[in-house]
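So the sequence shown is numbered by this note's numbering: it starts at 5 and just counts up by one. Worksheet for the structure shown next.
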Amino acid sequence: MSIPAPLDHFPAAWRALLPPEIVERVLPDLAGRLGKAEAAGVSILPPRAQWFRALDMMAPEDVRVVILGQDPYPTPGNANGLAFSVTPQTELPRSLKNIYQELETDLGVPRPANGDLSAWAAQGVLLLNTTLTVQADSANSHAAWGWEQVTDALIHGLSQSREGLVFVLWGNNARKKVALIDGTKHLILESAHPSPLSARRGFFGSKPFSQINAYLQGRGVAPIRWTAR
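This is the structure:
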């Protein structure tokens, strides 16, 4: 069954992980809602070409690490299709500042000058928001549209089809996804969210980056170059 516009550019390699119910019912319903919103002139972020950017940047077999976010930044010009990432000219969001602070504390990596995390994605770090679109200036506005059914299926499918991945679950929303992941096959790292409201309640000091690399190296896999830009 073909996926109707505006979701007809869903990457085929990832679509193969979706059960028939998602392809036949959830995606068409979601496409219909998005299409109606676009037709009504509603500004949807990120731009349509970047809705699946996290998936476009790698095939399922290339994933080494999964970092889950919630939904795209609702400020126009910020979101670029990768969780926690922003376009290079954008001021760093507070959560990303805290991620960089923990990276510096954990591995001694100087804080990057911009918030574009494309170099992480290029190494197999899947920066996946659980909701892939948002209405401009309205955070969480597409949370109940069906995206989470799609991304839940992708997370579960990735867990089932692969071994030796690292799943990074920051905050309560992400930690709810632990039931989708086989902890006997993968490393699951859970902590508080890096947002200013919770970073000091368990995110700072959690050392996720060194734990990721130690696990990968222990399996004979190259570590992530978190300094890459």
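Ideal Cβ placement from N, Cα and C applies to all residues, glycine included. The model shown is predicted, which means the values in this text are computed figures rather than measured ones.
Local conformation of residue i per DSSP, three classes
i      : result
Ser142 : strand
Leu173 : strand
Leu11  : coil
Leu111 : helix
Ala218 : helix
Leu96  : coil
Ile185 : coil
Leu136 : coil
Ile48  : strand
Euclidean distance between Cα positions of residue i and residue j
i      : j      : result
Ala157 : Phe208 : 30 Å
Leu220 : Arg37  : 40 Å
Ala58  : Gly112 : 27 Å
Lys180 : Asp75  : 15 Å
Gly85  : Asp141 : 16 Å
Met61  : Arg68  : 13 Å
Leu169 : Val154 : 20 Å
Endpoints, beta strand (DSSP E) assigned at residue i
i      : result
Val69  : 69-73
Leu132 : 129-133
First and last residue of the uninterrupted alpha helix (DSSP H) at residue i
i      : result
Glu235 : The question about residue 235 has no answer, for the chain in this structure spans 5 to 233.
Ser122 : 122-125
Glu194 : Careful: Glu194 lies outside any alpha helix (DSSP H), inside the beta strand (DSSP E) at 191-195.
Asp66  : No alpha helix (DSSP H) contains Asp66, which DSSP labels as neither H nor E.
Gly85  : Run containing Gly85: none; DSSP gives neither H nor E here.
Lys40  : 31-43
Anticipated Cβ contact below 8 Å, residue i with residue j, distance rounded
i     : j      : result
Leu11 : Gly150 : With 8 Å as the limit, Leu11 and Gly150 do not qualify as a contact, their Cβ atoms being about 10 Å apart.
Ala9  : Pro50  : No, Ala9 and Pro50 are not in contact; Cβ-Cβ is about 17 Å, not under 8 Å.
**Message:** With three or more beta-carbon pairs closer than 8 Å as the criterion, would you say the region 85-96 touches the region 130-138?
**Reply:** yes
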